[in-house]
Amino acid sequence: MEQNNVQRLPAEQLFQKEIDALIAAEKDPVPTGWRMSPRSVRTYICGGRVGGMEITPKYIGQERLVEIAIATLVTDRALLLIGEPGTAKSWLSEHLAAAINGDSTKVIQGTAGTTEEQIRYSWNYAMLIAQGPSLGAMLKSPVMTAMETGTIARVEEISRCASEVQDALISILSEKRISVPELNMEVPAQKGFSVIATANTRDKGVNEMSAALKRRFNIVVLPAPADLDAEMEIVKTRVEQQAGNLDLNAALPAEEVVEKVCTVFRELRSGETLDRSQKVKTTTGVLSTAEAISLLCNSMALAGSFGNGQIADSDLAAGLQGAVVKEEEKDSLAWKEYLENVMKKRGSRWAGLYRACRELNQ
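In structure tokens form, the structure reads like this:
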């Protein structure tokens, strides 16, 4: 299948030239099982220059947090990335695995339906009935495959997994082996094996992680963007990257458009205007940086499909309406109050967006 027809390429394919350039220019010691040194991984994640190639930053935030995450993976400790929705936990997890192993696809997506077999192994039951237990009938989990190859497995949204699924990870992270009693064997982890898990602070009460499991991880808390400028930089970078993979037929959003979206999101998240002069009602939605990115891509799609290719106030208003109003009764009231008490009073620069938003809330 041609890569151009794939909707979403894994990070190691999307940024293959950068990874190859870093590997070719490597001068520092490379840990067992890794493709490049910790310093090169940091350059890949945070950006820089190698030879004549510019390395684009994949994570915009505190570089020290990235260094702690990378250093954790050099040891035998697993890594847990915690943060609010939209703080790039999964994005950072994917790029760490891509840089270290050249393979970010050994993933388990944590849900209420995730089973212990998906963490350990399961069976091809037709072969199991016909031949009995055998290696050929075994279906290895991404974690078991990572153990055998000395690479990194990723567990997304670990706090959404049931407690018995989380408990299956405890023995794996402690013993660094998986027991297969049906075959009277054990699968030991090769050097380089590790696990990167992510957890959403909004899901803290879903399936609280046990103290025993937390002890097996080195925890790195990823903060929300510190200020408006930082959030705008993240949004602009990611929108540009996503738009390159989609046929949106629209120009990238102007600086002013990105600023308006990030301003609205930050104010509704915090419950006050950026200058702290006025309180506003918060909404039930998360209004994360990831949602701002999605909103702008959707606005580009509207502009490219039904407009002149430039994001208009009506395109932006439609995206904001869908992002802000999640629960009709409460959110609709909070949004209308924000429009009248904050956006309306911001003058001519915001007037077009205010009118477009108001029309949708008649």
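When you line the sequence shown up against my numbering, it's residues 1244 to 1605, in that order. For glycine and all other residues, C-beta sits at the position ideal for the given N, C-alpha and C.
{"Query": "Three-state class that DSSP yields for Phe1549 in the structure shown", "Result": "helix"}
{"Query": "Touch test, the segment 1327-1336 against the segment 1359-1367, Cβ-Cβ under 8 Å, three pairs minimum", "Result": "no"}
{"Query": "Delimiting residues of the alpha helix (DSSP H) encompassing Ala1411", "Result": "1406-1418"}
{"Query": "Whole runs of the beta strand (DSSP E) within the segment 1314-1347, excluding any shorter than 3 residues", "Result": "1321-1326"}
{"Query": "Contact check, Leu1308 vs Leu1316, beta carbons under 8 Å", "Result": "no"}
{"Query": "Leu1412 versus Gly1353 - alpha carbon distance", "Result": "12 Å"}
{"Query": "Boundaries of the beta strand (DSSP E) in which Pro1431 is found, first to last residue", "Result": "1428-1431"}
{"Query": "Those runs of the alpha helix (DSSP H) which lie wholly inside the segment 1467-1531 and span at least 4 residues", "Result": "1471-1487, 1498-1513"}
{"Query": "CB contact flag (Val1293, Ala1268, <8 Å)", "Result": "yes"}
{"Query": "The segment 1545-1560 in contact with the segment 1490-1508 per 3-pair CB rule at 8 Å", "Result": "yes"}
{"Query": "Cα-Cα separation between Leu1559 and Ala1566, rounded to whole angstroms", "Result": "11 Å"}
{"Query": "Assigned exposure category for Lys1270 - 16 Cβ within 10 Å defines buried", "Result": "exposed"}
{"Query": "DSSP state of Gln1361 mapped onto helix, strand, coil", "Result": "helix"}
{"Query": "Touch test, the segment 1403-1417 against the segment 1453-1463, Cβ-Cβ under 8 Å, three pairs minimum", "Result": "yes"}
{"Query": "Classification of Met1244 by the beta-carbon crowding that lies within 10 angstroms, buried from 16 upward", "Result": "Here Met1244 scores only 44 on pLDDT, less than 50, and its place in the model is too uncertain to base an answer on."}
{"Query": "Residues that Met1381 bridges to, as DSSP identifies them", "Result": "Trp1366"}
{"Query": "Unbroken alpha helix (DSSP H) run spanning Glu1572, endpoints", "Result": "1571-1581"}
{"Query": "Cα-Cα separation, His1338 to Met1381", "Result": "29 Å"}
{"Query": "For Gly1326 and Leu1489, believed in contact at Cβ under 8 Å, the rounded distance", "Result": "Between Gly1326 and Leu1489 the Cβ distance is about 26 Å, and since that is not below 8 Å, they are no contact."}
{"Query": "Top-ranked residue by Cα proximity to Arg1512, from Ile1351, Lys1524, Glu1502, Thr1318", "Result": "Lys1524"}
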